[in-house]
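Numbering (the numbering used here), first residue to last: 3 to 229.
Just so it is clear, CB atoms sit at the ideal spot from N, CA and C, and this is done for glycine as well.
Taking it in order: structure first as structure tokens, then the write-up.
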């Protein structure tokens, strides 16, 4: 009898543990001009907090939202991101192509969903910041951090929004990637750093022993925007 191979064991206890591992890979950027660490909300913020701590850099947030397929909400048809008044929408053309074949209204539905998520991005940015301004990005060395890369859609949206603000250097990073997607992030990223690339995992959460949802309250506490 043939058995399917077992997935690799979880590598990290939680997001903070993964953040410390990722920070070790990012040490060459310590002391870079205007270094700033940006966590992708919500799950990327606990990872980014550890990176910022280890690199002695300030921490901020870029708010991202997935645009889910109506029949499969976990399947990303695209993503939106926003920071400091700038926004970016990215499309997953493979998913959208399949969606259009089944539904002639797919583009209209995607546009409506993108609009809803953009409104949510703005609402969450205000919630997380509690009125505090975003840190300056112009000319800075910016490291964007998520808790993992699957399709790369949310990271590409985050990078697109940040790129509009004129960073001097933009790095995409995550503890784990579920496939060889680094090339899909350059551009807009100048470099991609992943602690566990080509992990062979089918889902980001399998890299963690504890992978619960990060709450809005936890994000605000980590950012320090308590108001």
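Exercise for review: Can you give me the start and stop residues for the beta strand (DSSP E) that residue 111 sits inside?
Suggested key: Where residue 111 is concerned, there is no enclosing beta strand (DSSP E), although the alpha helix (DSSP H) it sits in stretches over 108-131.
Review point. Span of the alpha helix (DSSP H) holding residue 92?
Key: No alpha helix (DSSP H) holds residue 92; the beta strand (DSSP E) holding it covers 88-93.
Check your understanding: Between the stretch 109-125 and the stretch 68-86, do at least 3 Cβ pairs fall closer than 8 Å?
Key -> yes
Check your understanding: What is the C-beta distance between residue 144 and residue 225, in whole angstroms, given that I count them as a contact (C-beta under 8 Å)?
Key -> Taking the Cβ atoms as the reference, residue 144 lies roughly 16 Å from residue 225, outside the contact range of under 8 Å.
Check your understanding: If you drop the 5 nearest sequence neighbours on each side, which residues of the same chain put their C-beta closer than 7 Å to that of residue 13?
Key -> 198, 209
Practice item. Please report how far the alpha carbon of residue 131 lies from the alpha carbon of residue 221, in whole angstroms. Key: 10 Å
Exercise for review: Go through the stretch 27-86 residue by residue and report every complete run of the beta strand (DSSP E) that reaches 3 residues or more, in order.
Suggested key: Entirely contained in the stretch 27-86, the beta strand (DSSP E) runs reaching 3 residues are, in chain order, 38-42, 61-70, 78-85.
Review point. Quick one: what's got a C-beta closer than 6 Å to residue 148's C-beta in the same chain, skipping five residues either side?
Key: 42, 46, 157, 176
Check your understanding: Does the distance from the CB of residue 196 to the CB of residue 20 come in under 9 Å?
Key -> no
Review point. Would you say residue 172 and residue 165 are within 9 Å of each other, going by their C-beta atoms?
Key: With a cutoff of 9 Å on beta-carbon distance, residue 172 and residue 165 are scored as near each other.
Exercise for review: Give the C-beta separation of residue 72 and residue 111 to the nearest angstrom, bearing in mind that I take them to be a contact with Cβ-Cβ under 8 Å.
Suggested key: 7 Å
Point to revise | Contact belief for residue 51 with residue 40 at Cβ below 8 Å, rounded distance in angstroms | key: Contact flag wrong, Cβ pair sits at about 11 Å.
Practice item. Write down the C-beta distance between residue 1 and residue 211 rounded to the nearest angstrom, noting that I regard them as a contact closer than 8 Å. Key: Any answer about residue 1 is impossible in this case: the structure gives the chain only from 3 up to 229.
Check your understanding: Candidates 33, 167, 31, 55: which alpha carbon is nearest residue 87's?
Key -> 167
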